[in-house]
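Below is one structure, written out as structure tokens, with a few remarks after it.
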Amino acid sequence: MSVATPLALSFGAPLGLLALLAIPLALLGLYAARRRRTAYAVRFPAAGTLALAAGVVSPWRRLLPAALALAAIAALALALAKPQRTIAVPVEGASVVLVTDHSGSMSATDVEPDRLSAAETAAETFLDKLPKQTRVGVVAYSDGPDGTLPPTTDRDRVRGTIEAQTAAGATATGEALQVAIDTLAPGGDKSKAKASAIILLSDGKTTTGRDPVGVARIAKRLGIPIYTVALGTEDATIPNPVSPLSPPIAVPPDPETLKQIAQVSGGRAFTSDDAGELRGIYSSLGSKLATKHEQREITPGFAGAGLVLLIVAGLLSLPRLGRLP
Amino acid sequence: MSPSPRIPMASPAARQGPGPMPHALLDALAIAVTQRVAGALPGDRRAAGVGAGTELAQIRPYAFGDDVRRIDAAATARSGEPHVRLEVPERTLTTWLAIDVSASMAFGTARRLKWDVAEGVALALGRLALRHAGRVGLMTFGAGEPTLRPPRGSKAGLVALRRALSTGTAVDGAHDPHALADALGRVGRVARLPGLVVVISDFRDQRDWARPLGALRARHAVLAVEVHDPREASVPAVGRIAVVDPETGRRVEVDTSRPRVRARFEALERERRDALASELRRLRVDHASLSTDEDWLLQLGRRLR
């Protein structure tokens, strides 16, 4: 699982941080104890020779026990404040359906190396970022949804379905979305569509079939957000399939419709005209969808660390100094 | 070196006094000291030039300005010309006592403090020096600028000596590694006539004193009295102790239960005292080593016998 884990540290009881004031107090105490020991030292003219006989104690060895003890106090004070760490955990039973357009316009080469290949590579990245237990489905469409894979955890089958696409045909976005919604929530059952999402990648206008915005409303009702990615540049063309001599066909993306779909369904809309950017979008979607942030209390870790530091400080200083630092 | 300010002095807290000084022992010591300085009897010591004395130096014709009382009747009668008789002048012995009054002298763990021993030695040798019309000069060092008290004889000398000793030692916190060397140098400049110089010190943490001491030895009889305490030679196993050097104020925390530390301390101290003894031997200076746990007067007498 390669889910990005933000290392945010928060405190359940921030008032406990006041215990950190014990550190300056401890320093003051150490200083006072040192002064006291000096005040009650025995007069001894051969003190210099005695120091020579005892040998030189390196400064770090002299200061290490005190430093460790202070660190222990710091760790225990932090433990008192109930430290919590925010971590990303996979959502149980999350499913994502990749709805991928492979109409004829996907063969346009305005995106390196061409739109379809870029989409496939980005989908790979997306799969890598997803937690393993997240189920992924695929709906590949052109004239209509043709390659459909119900949500599964078998990544190889997902990859196979994605790679099997070839660019040809029209764009029936509405139908494809409907199929995706049906696989996520069979029979319009809202409870089955929990923690689900659809990622729609398209590069052009819906040319055939149902109005996709209407389908997005159904998705909204079922609580399935649709994240849309508009791929391609404004002035992209493909060779005319009728005859190489005919003028090429313009295939600009349709970001307005896709934006509307995302807005209606409660998802987000992205536009991309570059393979790297596309991968970035998929990567961030991969770590965002199907994971949620949870705060875990890590007090025992801090308390344990404080205890260990205290014991080490004692072991270092007791045999040599006969006291804690 | 810039003159250091005078350090306040006080009688050490645990002062025991030098203890009894039996006359018999002092008399025995007198003989030993007398032998050391090649006989301090009247007329024993020559001085430069001529003056009043008992030993004949020369008889020469009377010259204008000579004291007529010096005219030798027999020589004048024999030669028919007035002659005067000149004698070798007599000088009494001048003893210089250079006494260490540094804070490290105010230490002792046995019968008395090192300072008590130093005081006793100074008193005993001072009283001996004041016999036969001798004079005693004092030089105390280790408390800032060394203090010189010019030689005095008889009661005045004894009073000056007692007064100098009654001021005690320097309070803690003053350290001058050249105090001994400076004091010896000053004694060498002041003491023109040959005499006896007694240095009473613990010779601890002092530097560069060999040269001025050697210069003194060239003209005077020199006696070095080293005072030490048994605790300075070895430390007992009493666990962790914090000690502070009374002069430098250096604070040391040591675990004395470690045999290695005690052994090393003993070795270092022995090495230091051996180096001191060999240095004094090299300078051909008499060396008396007195401990605070023994009868110092007996020790001194034995050492000088």
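Chains as they are written, first to last, in the working numbering: chain A, 493 to 817; chain B, -14 to 290.
C-beta: ideal position from N, C-alpha, C; glycine also.
On a predicted model such as this, the values are computed, not experimentally measured, just so you know.
Give the range of the beta strand (DSSP E) segment to which V210 of chain B is assigned. For V210 of chain B, the enclosing beta strand (DSSP E) stretches over residues A206 to H213.
Quick one: which unbroken alpha helix (DSSP H) runs of 4-plus residues sit fully inside the stretch 616 to 693 of chain A? Chain order, please. Entirely contained in the stretch 616 to 693 of chain A, the alpha helix (DSSP H) runs reaching 4 residues are, in chain order, 647 to 655 and 665 to 676.
Assign E789 of chain A to one of two classes, buried (16 or more other C-beta atoms within 10 Å of its C-beta) or exposed (fewer than that). Label assigned to E789 of chain A: exposed.
Would you mind telling me which residues of chain A sit closer than 9 Å to R70 of chain B, beta carbon to beta carbon, in chain order? Result: empty, since nearest Cβ-Cβ is about 58 Å, beyond 9 Å.
Using alpha carbons as the reference points, say which of A:L590, A:A586 and A:A511 lies closest to A564 of chain A. Proximity to A564 of chain A across A:L590, A:A586 and A:A511 peaks at A:A511, based on C-alpha coordinates.
Quick one: what does DSSP say H68 of chain B is sitting in, helix, strand or coil? Strand at H68 of chain B.
What are the start and end residues of the alpha helix (DSSP H) that includes K751 of chain A? It spans P747 to S757 - the alpha helix (DSSP H) in which K751 of chain A sits, taken as one unbroken run.
Starting from the C-beta of G798 of chain A, find all residues in its chain whose C-beta is less than 7 Å away, skip the five residues before and the five after it, and write them out in chain order. Once the five neighbours on either side are set aside, the close Cβ partners of G798 of chain A are A564, A567, L568 and A571.
Touch test, the stretch 256 to 268 of chain B against the stretch 228 to 246 of chain B, Cβ-Cβ under 8 Å, three pairs minimum: Using a Cβ-Cβ distance cut-off of 8 Å, the stretch 256 to 268 of chain B and the stretch 228 to 246 of chain B are not in contact, since fewer than three pairs of beta carbons, one from each stretch, lie closer than that value.
Pick helix, strand or coil for F250 of chain B, following the three-state DSSP scheme. Helix.
Any beta carbon from chain B within less than 7 Å of A805 of chain A's own beta carbon? A805 of chain A has a beta carbon lying at 7 Å or more from every beta carbon in chain B.
CA-CA distance, Q752 of chain A and F794 of chain A? Distance between the alpha carbons of Q752 of chain A and F794 of chain A is about 49 Å.
Using the beta-carbon count (16 or more within 10 Å), is G24 of chain B buried or exposed? The predicted position of G24 of chain B is uncertain, since its pLDDT is 45 and thus under 50; no value can be drawn from it.
Rounded to the nearest angstrom, what separates L619 of chain A and R647 of chain A at their Cα positions? Looking at the two C-alpha atoms, the distance is approximately 8 Å.
With a cut-off of 8 Å on the beta carbons, I'd call V606 of chain A and S599 of chain A a contact; round off their distance for me. Strictly speaking, residue 606 of chain A in this sequence is Asp, with Val absent from that position. Indeed they touch by this definition, with Cβ atoms about 6 Å apart.
Check F126 of chain B in the structure and name its three-state DSSP category. F126 of chain B falls in the strand class under three-state DSSP.
Helix, strand or coil for Q191 of chain B per DSSP? Here Q191 of chain B sits in coil by DSSP.
Over the uninterrupted beta strand (DSSP E) stretch that includes A722 of chain A, give me the two end residues. A722 of chain A: member of the beta strand (DSSP E) spanning I718 to L723, first to last residue.
Name the chain A residues that come within less than 9 Å of D161 of chain B, Cβ to Cβ? Those do not exist, as D161 of chain B stays about 14 Å from chain A at its closest Cβ, beyond 9 Å.
Beta-carbon proximity of T692 of chain A to V591 of chain A, cut-off 7 Å: Per the sequence shown, the amino acid found at residue 692 of chain A is Leu instead of Thr. Contact flag set, yes.
Any heavy atom of the ligand PLP within a distance shorter than 6 Å of the CB on R54 of chain B? Among the components of this structure there are no ligands whatsoever, and the ligand PLP is therefore not found.
What span of residues does the beta strand (DSSP E) with Q284 of chain B cover, start to end? Looking at the DSSP string, Q284 of chain B is not in any beta strand (DSSP E); the run it does join, the alpha helix (DSSP H), is W281 to L289.
Beta-carbon separation of V750 of chain A and A761 of chain A under 7 Å? In the sequence as displayed, the identity of residue 750 of chain A is Leu instead of Val. Judged by beta-carbon spacing, A761 of chain A lies within the 7 Å limit of L750 of chain A, meaning their Cβ atoms are closer than that value.
For chain A, is any of its Cβ atoms less than 7 Å away from the one on F250 of chain B? At least one beta carbon of chain A lies nearer than 7 Å to the beta carbon of F250 of chain B.
Buried or exposed: where does F250 of chain B fall if 16 or more other Cβ atoms within 10 Å of its Cβ makes it buried? Around the beta carbon of F250 of chain B, 16 or more other beta carbons lie within 10 angstroms, which makes this residue buried.
In whole angstroms, what separates the C-alpha of T541 of chain A from that of D240 of chain B? Approximately 14 Å, taken between the alpha carbons.
How is G24 of chain B classed by DSSP in three states: helix, strand or coil? Here the model assigns G24 of chain B a pLDDT of 45, short of 50, so the residue's position is not dependable, and the following value carries that caveat. Shown here, G24 of chain B sits in coil according to DSSP, grouped into three states, outside any helix or strand.
Anything in chain B within Cβ reach of V534 of chain A, meaning under 9 Å, just list it in chain order. Ordered by position in chain B, the residues that pass the 9 Å Cβ test against V534 of chain A are I226, A227, V228 and V229.
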